[in-house]
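Right, one structure below, let's go through it.
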Amino acid sequence: MKIYTKNGDNGRTSLLNGQSVLKTDDRIELLGTIDELNSQIGMAKVLADDELRERLTHIQKTLMFMMSGVAAPMKREYRFEESETQKLEGWIDATEDSFPRVKDFVLYGGCEESARLDVARAVARRAERRFRVVAQKFVADKKAMQYMNRLSDFLYVAARYADYKAENIRSEGVRQEVIRDILKEPHGSRRRIDN
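Numbers 9 to 203, taken from my numbering, label the letters of the sequence shown in order.
Set out below in structure tokens:
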């Protein structure tokens, strides 16, 4: 079976219920944004440690389930569970408790891992805005919208933790370099301090 069907060549596509809609429909825009978010999370996952990678993988699966609910909002089996949002909140709290988070304005790009997480966070914010538009015009799962809001918070905290870890690694590297330089220095070349 070929990957292309040519069904979308006329600028239309179908929702899960079979309804044909324009590809510019707000629900399709939302689905595309969630798909983009999932891809960006995949980019962030490449550099993540085991614990964060496991969490990001779970989030990706959750987003795929969420997309089913957007495409078929009336189907009960796609209703979003509040427990998923609570899980995110637990991860946020645990991460925040593990380091002294800077509360000032952050200039993104402290390290590659945080930069990727911040791009994902920005897309999550856009997905949340698109959710609001869909909720005004059609039907949207309020618990899924709440999850999207909390997801951007989680990605933000994860990015700041990545910056924190990277800064510690850089600081340790500088410290080790200083120690090596001191050990290489001949004893006779050290400046003598007289009292």
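Here a beta-carbon is modelled for each residue, glycine too, at the ideal position from N, C-alpha and C. Since the model is a prediction, treat every value here as computed from it, not as a measurement.
Residue i CB to nearest heavy atom of the ligand NAD below 6 Å
| i | result |
| --- | --- |
| S122 | Ligands are entirely absent from the displayed structure, and the ligand NAD is therefore not among its contents. |
CA-to-CA distance, residue j to residue i, given in whole angstroms
| i | j | result |
| --- | --- | --- |
| E90 | E120 | 32 Å |
| R35 | Q144 | 11 Å |
| K69 | K192 | 53 Å |
| V182 | S122 | For V182, the predicted model reports a pLDDT of 48, less than 50, meaning its position is unreliable; a value from the coordinates is still stated below. Taking the straight line from one Cα to the other gives about 21 Å. |
| V110 | R137 | 26 Å |
| G77 | E37 | 14 Å |
| R87 | K31 | 24 Å |
| G19 | V141 | 21 Å |
| K53 | V165 | 15 Å |
| A132 | D57 | 21 Å |
| L39 | L71 | 10 Å |
| D33 | I49 | 24 Å |
| A148 | F73 | 14 Å |
Option in the options with minimal Cα separation from residue i
| i | options | result |
| --- | --- | --- |
| L45 | F88, V142, L163 and K173 | L163 |
| Y155 | F113, P108, K95 and V142 | K95 |
| A170 | M72, Y116 and R84 | Y116 |
| A102 | L39, L60 and I67 | L60 |
| I100 | L64, G40 and E85 | L64 |
| I67 | S47, A174, K173 and A79 | S47 |
7 Å Cβ cutoff met for residue i and residue j
| i | j | result |
| --- | --- | --- |
| R124 | M51 | yes |
| I42 | A135 | yes |
| R129 | S160 | yes |
| D126 | A167 | yes |
DSSP three-state assignment for residue i, whether helix, strand or coil
| i | result |
| --- | --- |
| R20 | strand |
| S106 | coil |
| E62 | helix |
| A143 | helix |
| L45 | helix |
| R87 | coil |
CB-CB length for residue i against residue j, believed under 8 Å
| i | j | result |
| --- | --- | --- |
| E97 | R158 | 6 Å |
| A174 | G118 | 6 Å |
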